[in-house]
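Asks:
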Amino acid sequence: MSKRYWLMKSEPDAYSWDDLVAEGEGTWDGVRNHRAAKNLRTMQVGDEAFFYHSNIGKEIVGIATISQAGLTDPTDPEGKWAAVKVRPVRKLANPVTLKQIKADPSLPDIELVKLSRLSVAVITPEEWAHILSVSEG
DNA sequence: GCCAACGTTGGC
DNA sequence: GCCAACGTTGGC
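Residue numbers for the first sequence follow my numbering, so the first one is 1 and each next one is one higher.
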């Protein structure tokens, strides 16, 4: 399976990029949406994900990598929901804001915008490359 | 099985 | 603070 790309949302009040960097590795759990959970189950070790700050900032701030996949959510007493572990890779050269993404004609169908409530979204390889190029100017 | 009411998320 | 988009719940 070739590498996939994701976007993981977090409110920086609750868990920010800096928190992930400070911890070195974070568990992505507490997801209670079937579509997002399906994305979590599809993730493989080595996949990469944009780390997006919702509510405050509303921008992609960094890149994380999936360090452990296919875990059971430790916060779910019934053990039915999925979780993964992520590690920070690097901060983006420049954060890419939601505003930029929405205004960008190269990103017409990005799941972040189309399914704005989804906490774990799919990013296509094309979208990944484009957002990186925007970040790096 | 349908649908209205309600709750949650997240942008504005 | 409001609203749109969805998901879930419960009455029928």
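C-beta atoms are modelled at their ideal positions from N, C-alpha and C, and glycine is treated no differently.
I want to check one thing, is the minimum distance from the CB of Thr27 to the heavy atoms of the ligand HEM below 7 Å?
Replies: The model on display carries no ligand, and the ligand HEM is accordingly not part of it.
Asks: Let me know the secondary structure DSSP gives Ala14 once reduced to three states.
Replies: In the structure shown, Ala14 sits in coil (DSSP, three-state: anything other than H, G, I, E or B).
Asks: Let's see if you can read the secondary structure: which residues bound the beta strand (DSSP E) around Ile90?
Replies: Per the sequence shown, the amino acid found at residue 90 is Arg instead of Ile. Ala82 to Thr97 is the extent of the beta strand (DSSP E) around Arg90.
Asks: Which residue wins for smallest C-alpha separation from Ala37, given the options Asn55, Ile63, Leu7 and Ala14?
Replies: Comparing Cα-Cα distances from Ala37 to each of Asn55, Ile63, Leu7 and Ala14, the minimum goes to Leu7.
Asks: Using 10 angstroms around the beta-carbon of Asp13, count the other beta-carbons present and answer buried if the total reaches 16, otherwise exposed.
Replies: Classification of Asp13: exposed, given that the 10 Å Cβ count is below 16.
Asks: Inspect the CB distances between the segment 25–37 and the segment 81–97 and report whether three or more fall short of 8 Å.
Replies: Judged by Cβ distances under 8 Å, the segment 25–37 makes contact with the segment 81–97, as three or more pairs qualify.
Asks: Identify every residue that forms a DSSP beta bridge with Ala64.
Replies: Per DSSP, Ala49 and Pro88.
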